[in-house]
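Residue numbers (my numbering), protein chains in the order written: chain A, 17 to 292; chain B, 17 to 292.
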């Protein structure tokens, strides 16, 4: 199945993306402080949320911190998502970017070895560093465009040939999107800029971090990306869902947090439809 | 020991950096086509070259392609380098870059779990994505500035506030270098631009890819970075050393290739001294 169709189906199910950033220091006290606990925690979270999520986004750093064992846990988590929710997109939040022959190996690792559908990549090294991730129309890449952090000001807001760098990146990626398997990472902490990027990039799906702990604006993110049928973006939340409760009711609390987010999104869509 | 002093000592030993990019399809026929062969191959290469190398640079993609097993091999390779050549710098060629709390976990993975001295990072997300890698003066980061690939033209050569983006990055990183543990990645395929970046960045060490298979200019790289005492750059070669011979004499051939590179570098230094 093409990535374009997979995304269409996943977003029709739900624009909610759950970031799997498991932190041993934040797991409920029922879990032992050892890496193996992460897989058990992830499974509980996935079981109680997968009917509500359009995507899961494991953040590779949280697994690589435990070396080879972390990679085992990452692989097992991805297999668990696949069997629990085959229609849900799995986005490798790995922010890779390297020359062609190296990027091809990262693609092999993330798509074929681990079984993800998409990956986040950095644009800095240009087309040949992104190409191996979008060469097969069944897999896709979300290219960093405007990130949610403070450091986005250092380069992304600079003017490059009469436009902001994030706009320049959005234009470039639009030109690379022959297989309709490119997306953009646009942080929820920048609503006006997100609207500008949406204009440039047409129907390209966004991956939106920054809701919750980072203070991004959910309402604007939904408004800007609602295309009349669906929200054309995976809106990510990690910490606000995973650690909704630090107690043994963490899984129920996580489900409740996702349901709250779902209701908020639907309310914005309804309001938006009425206004129109 | 500070990263600055480690680099000083490593470069005084040798500016040659050996890229450990082991490709199963290119290993000599004596090796079985299975991931475990990579460790045996790496060990032979390290044994026969470590007296001549100032740095080793494992490229993470070549290990991640084998998942958890690849990470085991990567860890074992790094431990082997450390015991065979404790004075040699180990640079994680991982090109990471993410928001602060995530970058801190990558730093934990690469410096503490794996035991590398430095990492390559992308500048696109700005200072807070680089900070966790340079917060401890005993470890360092080589920030992508001007890469050796074709795609470097897509963004790095664009004009940003009256200068080229790679110059802008070099200036920014110079401002971040309080602990003298920042370096820059500058490809050997762009000699004139490398000279410009050297002027901007003072005594910052470079990591120079692009010699060999990518056609970069060794002579210029040495000339530009010779500071009167040492070449202030790790000049990387991967494929030309690892696969100098496809036969069972691969390790001797690798040593010969490194010796040839050493002689070429010394000849340029000698010529340069005479001219002066």
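In this text, a Cβ means the ideal position worked out from N, Cα and C, and glycines have one as well.
> Which value, in whole angstroms, describes the spacing of the CA atoms of residue 98/B and residue 104/B?
Replying inline: Locating residue 98/B in the second chain gives position 82, counting from the first residue. Locating residue 104/B in the second chain gives position 88, counting from the first residue. Taking the straight line from one Cα to the other gives about 8 Å.
> Starting from residue 60/A and walking both ways along the alpha helix (DSSP H), at which residues does that stretch end?
Replying inline: For this step, residue 60/A is matched to residue 44 along the first chain. Per DSSP, residue 60/A belongs to the alpha helix (DSSP H) from 52 to 65.
> Rounded C-beta distance between residue 79/B and residue 34/B? I'm assuming under 8 Å.
Replying inline: One-based indexing of the second chain puts residue 79/B at position 63. One-based indexing of the second chain puts residue 34/B at position 18. That belief does not hold up - the Cβ atoms of residue 79/B and residue 34/B are roughly 15 Å apart, past 8 Å.
> Using 8 Å as the limit for Cβ to Cβ distance, is residue 158/A near chain B?
Replying inline: In the first chain, the residue the question calls residue 158/A occupies position 142. Interface with chain B (8 Å Cβ-Cβ cutoff): residue 158/A is excluded.
> Are there three or more Cβ pairs, one per stretch, closer than 8 Å when the stretch 146 to 158 of chain B is compared with the stretch 141 to 161 of chain A?
Replying inline: Touching, no.
> For residue 165/A, which residues in chain B fall below 9 Å Cβ to Cβ?
Replying inline: The residue you call residue 165/A lines up with position 149 of the first chain. Within chain B, the residues near residue 165/A are 114, 115, 116, 141, 142, 144, 145.
>> Residues in the same chain with beta-carbon distance under 7 Å from residue 235/B, minus the five sequence neighbours each way, listed in chain order, please.
In response: Here residue 235/B is taken as the residue at index 219 of the second chain, counted from 1. Contacts found: 284.
> If contact means a Cβ-Cβ distance below 8 Å, which residues of the stretch 58 to 82 of chain A contact chain B?
Replying inline: Taking 8 Å as the Cβ-Cβ cut-off against chain B, the residues of the stretch 58 to 82 of chain A that qualify are 75, 77, 78, 80, 81, 82.
>> Give me, in chain order, the residues of the same chain whose beta-carbon lies closer than 8 Å to that of residue 173/B; leave out the 5 immediate sequence neighbours on both sides.
In response: For the purposes of this step, residue 173/B is taken as the residue at position 157 of the second chain. Within the same chain, residue 173/B has close Cβ partners 180, 181, 182.
> Per DSSP, which one or two residues make a beta bridge with residue 157/A?
Replying inline: Your numbering for residue 157/A matches position 141 in the first chain. Paired residue(s): 135/A, 198/A.
> Taking any Cβ of chain B, which residues in the stretch 175 to 191 of chain A have a Cβ under 8 Å from it, in chain order?
Replying inline: Flagged, chain order: 175, 176, 177, 181, 184, 185, 188.
> Are the CB atoms of residue 204/A and residue 237/A nearer to each other than 8 Å?
Replying inline: As a working note, residue 204/A is residue 188 in the first chain. As a working note, residue 237/A is residue 221 in the first chain. Residue 204/A places its beta carbon less than 8 Å from that of residue 237/A.
>> Determine, for residue 171/B, whether the minimum Cβ-Cβ distance to residues of chain A falls below 8 Å.
In response: Looking up residue 171/B in the second chain gives position 155. True, the Cβ-Cβ gap to chain A drops below 8 Å.
> With a CB to CB cut of under 6 Å and the five nearest residues on each side skipped, what residues in its chain are close to residue 54/A?
Replying inline: If you number the first chain from 1, residue 54/A lands on position 38. Closer than 6 Å at Cβ, skipping near neighbours: 38, 89.
> Under 8 Å between the Cβ atoms of residue 269/B and residue 256/B?
Replying inline: Within the second chain, the letter at position 253 stands for residue 269/B. Within the second chain, the letter at position 240 stands for residue 256/B. It is not a contact, given that the beta carbons lie outside the stated cut-off.
>> By the DSSP assignment, the beta strand (DSSP E) with residue 112/B in it spans what residues?
In response: Along the second chain, one-based indexing puts residue 112/B at 96. It spans 105 to 112 - the beta strand (DSSP E) in which residue 112/B sits, taken as one unbroken run.
> Using Cβ-Cβ distances below 8 Å, what residues of the stretch 199 to 220 of chain B are close to chain A?
Replying inline: Within the stretch 199 to 220 of chain B, no residue qualifies.
>> Pop quiz: residue 122/A and residue 77/B are said to be a contact at Cβ under 8 Å. What is the actual Cβ separation, rounded to whole angstroms?
In response: The residue given as residue 122/A occupies position 106 in the first chain. The residue given as residue 77/B occupies position 61 in the second chain. Yes, residue 122/A and residue 77/B are in contact; Cβ-Cβ is about 5 Å, under 8 Å.
>> Counting only Cβ pairs nearer than 8 Å, list the residues of chain B close to residue 130/A.
In response: To locate residue 130/A, count along the first chain from 1; it is residue 114. Within 8 Å Cβ-Cβ: 83.
> What span of residues does the alpha helix (DSSP H) with residue 149/B cover, start to end?
Replying inline: Position 133 of the second chain, counted from the start, is the residue given in the question as residue 149/B. Start and end: 143 to 150.
>> Tell me which residues of the stretch 26 to 47 of chain A have at least one Cβ-Cβ distance to chain B shorter than 8 Å, keeping chain order.
In response: Listed in sequence order: 37.
>> Below 8 Å, how does it come out for the stretch 120 to 140 of chain B and the stretch 57 to 65 of chain B: are there three or more Cβ pairs, yes or no?
In response: Under the Cβ criterion (8 Å, minimum of three pairs), the stretch 120 to 140 of chain B does not count as touching the stretch 57 to 65 of chain B.
> Taking just the CA atoms, how far does residue 271/A sit from residue 95/A?
Replying inline: Here residue 95/A refers to the residue found at position 79 of the first chain. Here residue 271/A refers to the residue found at position 255 of the first chain. Near 21 Å, if we compare the C-alpha coordinates of residue 271/A and residue 95/A.
> Whose Cβ in chain A lies nearer than 8 Å to the Cβ of residue 168/B?
Replying inline: Taking the first residue of the second chain as 1, we reach residue 168/B at position 152. 141, 142, listed in chain order.
> For the putative contact between residue 107/B and residue 133/B, defined by C-beta atoms under 8 Å, what is the C-beta separation to the nearest angstrom?
Replying inline: Taking the first residue of the second chain as position 1, residue 107/B is located at position 91. Taking the first residue of the second chain as position 1, residue 133/B is located at position 117. Sure, about 7 Å apart at Cβ, within 8 Å.
> Mapping DSSP to helix, strand and coil, what is residue 276/B?
Replying inline: Your numbering for residue 276/B matches position 260 in the second chain. Of the three classes helix, strand and coil, the one that applies to residue 276/B here is helix, per DSSP.
> Listing by chain order, which chain B residues have their CB less than 9 Å from the CB of residue 50/A?
Replying inline: In the first chain, residue 50/A corresponds to position 34, counting from 1. Those within 9 Å of residue 50/A in chain B number zero; the least Cβ separation is about 15 Å.
>> Just to check my reading of the structure: residue 44/A and residue 264/A have Cβ atoms closer than 8 Å, yes? What is that Cβ distance to the nearest angstrom?
In response: In the first chain, residue 44/A corresponds to position 28, counting from 1. In the first chain, residue 264/A corresponds to position 248, counting from 1. The pair is a contact, with the Cβ atoms about 6 Å apart (cut-off 8 Å).
>> Below 9 Å on C-beta distance, what does residue 253/A contact in chain B?
In response: Here residue 253/A refers to the residue found at position 237 of the first chain. Close partners of residue 253/A in chain B (Cβ separation under 9 Å) are lacking, with about 15 Å as the shortest Cβ gap.
>> Let's see if you can read the secondary structure: which residues bound the alpha helix (DSSP H) around residue 204/A?
In response: Numbered from 1 along the first chain, position 188 holds the residue referred to as residue 204/A. Segment: none, residue 204/A is in no alpha helix (DSSP H) and carries neither H nor E.
>> If contacts are defined as beta-carbon pairs under 8 Å, then residue 189/B and residue 162/B qualify, I think. What distance do you get, rounded to the angstrom?
In response: Counting from 1 along the second chain, the entry for residue 189/B is found at position 173. Counting from 1 along the second chain, the entry for residue 162/B is found at position 146. In this structure, residue 189/B and residue 162/B do not form a Cβ contact; the two beta carbons are roughly 12 Å apart against a cut-off of 8 Å.
>> Please report the distance separating the alpha-carbon of residue 280/A from that of residue 239/A.
In response: On the first chain, position 264 is the one that residue 280/A refers to. On the first chain, position 223 is the one that residue 239/A refers to. Rounded to the nearest whole angstrom, the C-alpha separation of residue 280/A and residue 239/A is 12 Å.
> For the alpha helix (DSSP H) that residue 117/B lies in, which residues bound it at each end?
Replying inline: Within the second chain, residue 117/B is the residue found at index 101, counting from 1. Note, residue 117/B: alpha helix (DSSP H), 116 to 123.
> Per DSSP, residue 266/B forms a beta bridge with which residues?
Replying inline: As a first step, residue 266/B must be located in the second chain, where it is residue number 250. Beta-bridge pairing links residue 266/B to no other residue.
> My guess is that residue 252/A and residue 225/A are in contact by the Cβ rule of under 8 Å, so how many angstroms apart are they, rounded?
Replying inline: For the purposes of this step, residue 252/A is identified with residue 236 of the first chain, where counting begins at 1. For the purposes of this step, residue 225/A is identified with residue 209 of the first chain, where counting begins at 1. With 8 Å as the limit, residue 252/A and residue 225/A qualify as a contact, their Cβ atoms being about 5 Å apart.
>> Residues in the same chain with beta-carbon distance under 6 Å from residue 141/A, minus the five sequence neighbours each way, listed in chain order, please.
In response: For this step, residue 141/A is matched to residue 125 along the first chain. Excluding five sequence positions before and after residue 141/A, the CB atoms of its chain that fall closer than 6 Å to its own CB belong to 113, given in chain order.
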